[in-house]
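Peer 1: Structure in structure tokens, see below.
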Ligand code: 13P
Ligand code: SF4
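Written out as structure tokens, the structure is:
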């Protein structure tokens, strides 16, 4: 089907199903352009609590769609393709948390939302990169078990002065791990007037060079502070920022910083998803109930 026709059909099906399309800032431009709501992980979780529609088509990766379902058990949440997965979330297993709890029985378990529902069910509270520092600061403990991103754990430890134990020790995002000091050097050489905005999933030595370290939602909020930025996160963030702020210049720090899971969703998948009501996200209630407590605690604390 041609693109124009696809967009028309998606709009028609959305009305028929009373559906809303929620999308993450890393989605392909064609998906961003038809989304009813675009945001970072925290904004998407917040929005999911207050959706009136019967159906949420979630253009993001699986843990985000699962979070929306956990917060909205009565609604149908559709993930347009099963290939929309987060490699980092898959690195954390329940056993990692159970082992860490044996070593640090009094430490609260703080999980980045980039984690499975099964592991969230073992958490005291979840966080996103937008609120991790705020939430950890408020916890009444100097030792925190934190998973699965070791780089976000490093950032939180540095900002709060607390002892943050990463689980697993090697948890990382392969997209953000691509950025190196050579990219920083090249950015400074090519764009001497630009400032650097860096996602906290980047390696600590890249974080050290940043002008701002923020979530993708934070990048949108902070962008008007300067007129030229080099962006150290997934490539499509530059599309999102440039569309919002046509008078500010944004350069991707690397063209190849691409999240395969995010890019798995196309307009055609969204059309098929609405047409055939697939793939419905299901979380067993015994897991959802515990995971919901950890997510709701985050929403209350931030
Ligand atoms: P944000 O919450 O900053 O959008 O990050 C989500 C993510 O998956 C980053 O890789
Ligand atoms: Fe997961 Fe990294 Fe993709 Fe974010 S960019 S969804 S952390 S794999």
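In our numbering, the protein residues as written are 16 to 317.
Cβ atoms here follow ideal geometry from the backbone N, Cα and C, with glycine treated the same way.
Here's a check: name, in chain order, each residue in its chain whose Cβ is nearer than 7 Å to the Cβ of residue 228, leaving out the five neighbours to either side.
Peer 2: Locating residue 228 in the chain shown gives position 213, where the first residue counts as 1. Once the five neighbours on either side are set aside, the close Cβ partners of residue 228 are 170, 213, 215, 222.
Peer 1: Taking the alpha-carbon positions, what's the residue 47 to residue 187 distance?
Peer 2: The residue you call residue 47 lines up with position 32 of the chain shown. The residue you call residue 187 lines up with position 172 of the chain shown. C-alpha separation (whole angstroms): 26 Å.
Peer 1: Judging by CA-CA distance, which residue of 191, 59, 176, 94 is the nearest neighbour of residue 287?
Peer 2: Counting from 1 along the chain shown, the entry for residue 287 is found at position 272. Of 191, 59, 176, 94, the residue nearest in Cα terms is 94.
Peer 1: Residues in its own chain within less than 6 Å of residue 83 by CB, not counting five upstream and five downstream?
Peer 2: Residue mapping note: residue 83 aligns to position 68 of the chain shown, counting from 1. For residue 83, where only same-chain residues beyond five positions count, the Cβ hits under 6 Å are 63, 71, 73, 92.
Peer 1: Taking DSSP as the reference, what is the three-state secondary structure of residue 93?
Peer 2: Along the chain shown, read from residue 1 onward, the residue named residue 93 stands at position 78. The answer is strand: DSSP assigns residue 93 an E or B state.
Peer 1: Am I right that residue 270 and residue 250 are in contact with their C-beta atoms under 8 Å? What's the rounded C-beta distance?
Peer 2: Position 255 of the chain shown, counted from the start, is the residue given in the question as residue 270. Position 235 of the chain shown, counted from the start, is the residue given in the question as residue 250. Indeed they touch by this definition, with Cβ atoms about 6 Å apart.
Peer 1: Going by the C-beta, is residue 55 closer than 8 Å to any heavy atom of the ligand 13P?
Peer 2: Walking along the chain shown from the start, residue 55 turns up at place 40. Because some heavy atom of the ligand 13P lies under 8 Å away, the Cβ of residue 55 counts as near it: yes.
Peer 1: How is the beta strand (DSSP E) around residue 11 delimited, first residue to last?
Peer 2: Residue 11 cannot be examined here, being either before or after the span of the chain that is shown, 16 to 317.
Peer 1: What residue range does the alpha helix (DSSP H) around residue 254 cover?
Peer 2: As a working note, residue 254 is residue 239 in the chain shown. Taken as a continuous stretch (DSSP letters only), the alpha helix (DSSP H) holding residue 254 covers 252-259.
Peer 1: Could you work out which residue in 99, 172, 33, 86 is closest to residue 273 when comparing CA atoms only?
Peer 2: Position 258 of the chain shown, counting from 1, holds the residue named residue 273. Comparing Cα positions, the closest option is 99.
Peer 1: For residue 40, is the classification buried or exposed, using 16 other Cβ atoms within 10 angstroms of its Cβ as the cut-off for buried?
Peer 2: For the purposes of this step, residue 40 is taken as the residue at position 25 of the chain shown. Burial call: buried.
Peer 1: Would you report the Cα separation of residue 305 and residue 254, rounded to the nearest angstrom?
Peer 2: Here residue 305 corresponds to residue number 290 of the chain shown, with the count starting at 1. Here residue 254 corresponds to residue number 239 of the chain shown, with the count starting at 1. Computed Cα separation, rounded: 37 Å.
Peer 1: Compute every distance between the C-beta of residue 232 and the non-hydrogen atoms of the ligand SF4, then say whether any falls below 8 Å.
Peer 2: Within the chain shown, numbered from 1, the residue matching residue 232 stands at position 217. Residue 232 Cβ: outside cutoff for every heavy atom of the ligand SF4.
Peer 1: Since residue 218 and residue 201 are thought to touch, with beta carbons under 8 Å apart, how far apart are those beta carbons, to the nearest angstrom?
Peer 2: Here residue 218 refers to the residue found at position 203 of the chain shown. Here residue 201 refers to the residue found at position 186 of the chain shown. 16 Å between Cβ atoms; not a contact.
Peer 1: Specify, as a first and last residue, the run of the alpha helix (DSSP H) that residue 79 falls within.
Peer 2: By one-based count along the chain shown, residue 79 stands at place 64. It spans 77-86 - the alpha helix (DSSP H) in which residue 79 sits, taken as one unbroken run.
Peer 1: Would you mind sorting residue 158 into buried or exposed? The rule is 16 or more other CB atoms within 10 Å of its CB.
Peer 2: Looking up residue 158 in the chain shown gives position 143. By the 10 Å Cβ count, residue 158 comes out exposed.
Peer 1: Beta-carbon separation of residue 126 and residue 151 under 9 Å?
Peer 2: Here residue 126 refers to the residue found at position 111 of the chain shown. Here residue 151 refers to the residue found at position 136 of the chain shown. No. Outside cutoff.
Peer 1: Considering only DSSP beta bridges, list what residue 181 is partnered with.
Peer 2: The sequence position of residue 181 within the chain shown is 166, counting from 1. Answer is 161.
Peer 1: By the DSSP assignment, the beta strand (DSSP E) with residue 134 in it spans what residues?
Peer 2: Here residue 134 refers to the residue found at position 119 when the chain shown is read from its first residue. Not the beta strand (DSSP E): residue 134 falls in the alpha helix (DSSP H), residues 132-135.
Peer 1: Pick out whichever of 277, 266, 292 has its Cα sitting closest to the Cα of residue 190.
Peer 2: Taking the chain shown and counting its residues from 1, one reaches residue 190 at position 175. The candidate whose alpha carbon is nearest that of residue 190 is 277.
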